[in-house]
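Chemist: Pasting in a structure now, in structure tokens, and then I'll have a few things to ask.
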Amino acid sequence: MGATGSGEQLSGGRVDYAALFAATPSPYLVIDPGLVIVGVNAAYCRVTGRTSRDLLGQYLFDAFPDNPEDPDADGVRNLTASLERVRATKRADTMAVQRYDITVAGQPGVFEERWWSPVNTPVLGPDGELAWIIHRVEDVTAFVRTRYRQRQEDLVHPRRRPDPGVEAELYARAKELERLNEELRRAHARERQVAITLQEAMLHSPDLARHSNVAVRYLPAIGSLNVCGDWYDAVDLADGRFFVAVGDVVGHGLEAATVMGMLRSALSAASRTVAGPAQALEVLGLYARSVDGALAATAFTALVDTRSQLIIYSSAGHPPPVLMRPDGTCQLLDQAVDPPLGARPTHVPRPQAGTAYHPGDNLVLYTDGLIERRDEDIDTGLRRLTDTLRQCLGLSPERLADALLKSLGVSHGARDDIALVVVGL
């Protein structure tokens, strides 16, 4: 029998696809292209011990993170690779049996060992673009544990052997899973190496390498390739002056990284030829109008004048950097803020502001992934950042950068990309 579309007649009645989805005995999860959970059936809730209220609207890897107590956990990595293949090819992807521990219902932070057989299937919209991904899993924990016990019994009782046919089937399955997992590991390693090489090339800055007092960190969003739309840069000028900048392109992956590379290069060139940060962002804003995917990107650039001990800065819709004094006083650089790149239909000069600094101060620039959290306003994130900085007094830029990431809980990445620059003044 051929498949019917939504609402078509079947045996004289209308098919209620919502009811069918809810009653399907196999566990199903529906996620959007941004990996946010938009649908879940009862079977999935039963097998994971969650409710639909727990899951709907959650980012997939916020709802199901790796077990932090297992250093070999690779569930997030392998599922990410499969979902990326679905997004790239718009074809279903069958994963090898995967260990992916989940938290015990009602016991936050407590994980239990679980094994799954997942299949990820794309759902395309009328325009042929990816609309959703159906994530179907079968819990095979019992099978895996039974197989493990059989192996242990065979070691203790060598004469006890299962039926040869069953043994042959189990052996064939085990070898196939071993082969598939090895292929998956190799494919992920190749993808990761290509992504890392690309990102390093895009973020390479000869001028930055000459500043031992500047620490930089880059972390891609969890669940994405190791490329993103966040950037940092430094540009040396004459007489001990230099520019330092951060920026953020909307989105993740290769497309965002490509736009990021174009904007970063344009800002670097502008910084070497114009009078100050405001003029550099004006040039960048005009250029952004001709670059697909660049609108709504944000950027912050500052000119550090070591002769006069001044920081002159301008912001295009970017979160304010923090100037931290040795006594813990934190000053937000928020006095020259303008809309993101390309937000205005006509050209308007951008604002510029300046502030004095003293030897021993630290300037902390970052992108929004460092401070923003779900269901929080930005002021809460800024307070958390400044409170954390006050607990890190006296650290070198390198140690301060690491301490910030760890204290803010993002040392292994977050839901959004993160670029961080710490300048010891």
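For the sequence shown, our numbering begins at 1461 and goes up steadily by one. All C-beta atoms in this analysis are idealised placements derived from N, C-alpha and C, irrespective of residue type, glycine included.
(1) Is the beta carbon of D1889 less than 8 Å from the beta carbon of R1875?
(2) Helix, strand or coil: which one does DSSP assign to C1852?
(3) Apply the 10 Å Cβ neighbour rule to N1580 and answer buried if 16 or more other Cβ atoms are within range, or exposed otherwise.
(4) Roughly how many whole angstroms lie between the Cα atoms of T1601 and P1487?
(5) If you drop the 5 nearest sequence neighbours on each side, which residues of the same chain put their C-beta closer than 6 Å to that of E1468?
(6) Does N1822 come out as helix, strand or coil in the three-state DSSP assignment?
(7) Among the candidates Y1692, D1667 and N1673, whose CA atom is the shortest distance from the CA of L1679?
(8) Could you give the distance in angstroms between the alpha-carbon of A1565 and the alpha-carbon of D1514?
(9) With DSSP run on the structure shown, which of helix, strand or coil describes R1596?
(10) Give a yes or no on contact between the stretch 1766-1786 and the stretch 1718-1727, applying the rule of three or more CB pairs nearer than 8 Å.
(11) Does the beta-carbon of S1768 have 16 or more other beta-carbons within 10 angstroms, so that it is buried, or is it exposed?
(12) Helix, strand or coil for I1497 per DSSP?
(13) Compare the C-alpha of E1572 against each of G1509, T1554 and P1586 and name the closest.
(14) With T1761 and A1796 assumed to form a contact (beta carbons below 8 Å), what rounded beta-carbon distance in angstroms separates them?
(15) Go through its chain and collect everything with a Cβ distance to D1476's Cβ below 6 Å, but skip five positions before and after it.
(16) Look at I1772 and Q1812 and say whether their C-beta atoms are less than 8 Å apart.
(17) Spatial neighbours of G1873 within its chain, please: CB distance less than 8 Å, with the 5 preceding and 5 following residues excluded, ordered by chain position.
(18) In whole angstroms, what separates the C-alpha of D1667 from that of K1550?
(19) Give every residue of the same chain whose Cβ lies closer than 8 Å to the Cβ of M1461, excluding the five residues on either side of it in the sequence, and list them in chain order.
(20) Can you give me the C-alpha to C-alpha distance between M1555 and D1752, rounded to a whole angstrom?
(21) Which word fits V1583, buried or exposed, when buried means at least 16 other C-beta atoms lie within 10 angstroms of its C-beta?
Modeler: Taking the structure as given:
(1) Nothing about residue 1889 can be read from this structure; the chain reaches only from 1461 to 1885.
(2) Within the sequence shown, residue 1852 is the residue found at index 392, counting from 1. Reduced to three states, the DSSP call for C1852 is coil.
(3) By 1-based counting over the sequence shown, the position of residue 1580 is 120. Buried, since its Cβ has 16 or more Cβ neighbours within 10 Å.
(4) Counting from 1 along the sequence shown, the entry for residue 1601 is found at position 141. Counting from 1 along the sequence shown, the entry for residue 1487 is found at position 27. In a straight line, the C-alpha of T1601 is about 14 Å away from that of P1487.
(5) Within the sequence shown, residue 1468 is the residue found at index 8, counting from 1. The predicted position of E1468 is uncertain, since its pLDDT is 45 and thus under 50; no value can be drawn from it.
(6) Residue 1822 sits at position 362 when you count from the first residue of the sequence shown. In this structure, N1822 counts as strand in the three-state DSSP scheme.
(7) Mapped onto the sequence shown, residue 1679 falls at position 219. Nearest of Y1692, D1667 and N1673 to L1679, Cα basis: Y1692.
(8) For the purposes of this step, residue 1565 is identified with residue 105 of the sequence shown, where counting begins at 1. For the purposes of this step, residue 1514 is identified with residue 54 of the sequence shown, where counting begins at 1. Going by the C-alpha atoms only, they are around 11 Å apart.
(9) Translated into the one-based positions of the sequence shown, residue 1596 becomes position 136. In the structure shown, R1596 sits in a strand (DSSP, three-state: E or B).
(10) no
(11) The residue you call residue 1768 lines up with position 308 of the sequence shown. It is exposed - the Cβ of S1768 has fewer than 16 other Cβ atoms within 10 Å.
(12) For the purposes of this step, residue 1497 is identified with residue 37 of the sequence shown, where counting begins at 1. I1497 falls in the strand class under three-state DSSP.
(13) Position 112 of the sequence shown, counting from 1, holds the residue named residue 1572. It is G1509.
(14) Residue 1761 sits at position 301 when you count from the first residue of the sequence shown. Residue 1796 sits at position 336 when you count from the first residue of the sequence shown. That belief does not hold up - the Cβ atoms of T1761 and A1796 are roughly 10 Å apart, past 8 Å.
(15) In the sequence shown, counting from the first residue as 1, residue 1476 sits at position 16. Nothing meets the Cβ criterion.
(16) Counting from one through the sequence shown, the residue named residue 1772 turns up at place 312. Counting from one through the sequence shown, the residue named residue 1812 turns up at place 352. In contact: I1772 and Q1812 (Cβ atoms closer than 8 Å).
(17) Taking the first residue of the sequence shown as 1, we reach residue 1873 at position 413. Excluding residues within five positions, the ones whose Cβ falls inside 8 Å are L1679, P1680, A1681 and I1682.
(18) Along the sequence shown, one-based indexing puts residue 1667 at 207. Along the sequence shown, one-based indexing puts residue 1550 at 90. Rounded to whole angstroms, D1667 to K1550 spans 42 Å at the Cα level.
(19) The count along the sequence shown starts at 1 and reaches residue 1461 at position 1. Residue confidence is low: M1461 scores 37 on pLDDT, short of 50, so the model does not pin down where it sits. No coordinate-derived value is stated.
(20) Residue mapping note: residue 1555 aligns to position 95 of the sequence shown, counting from 1. Residue mapping note: residue 1752 aligns to position 292 of the sequence shown, counting from 1. Each residue's alpha carbon lies about 34 Å from the other.
(21) Position 123 of the sequence shown, counted from the first residue, corresponds to residue 1583. Exposed.
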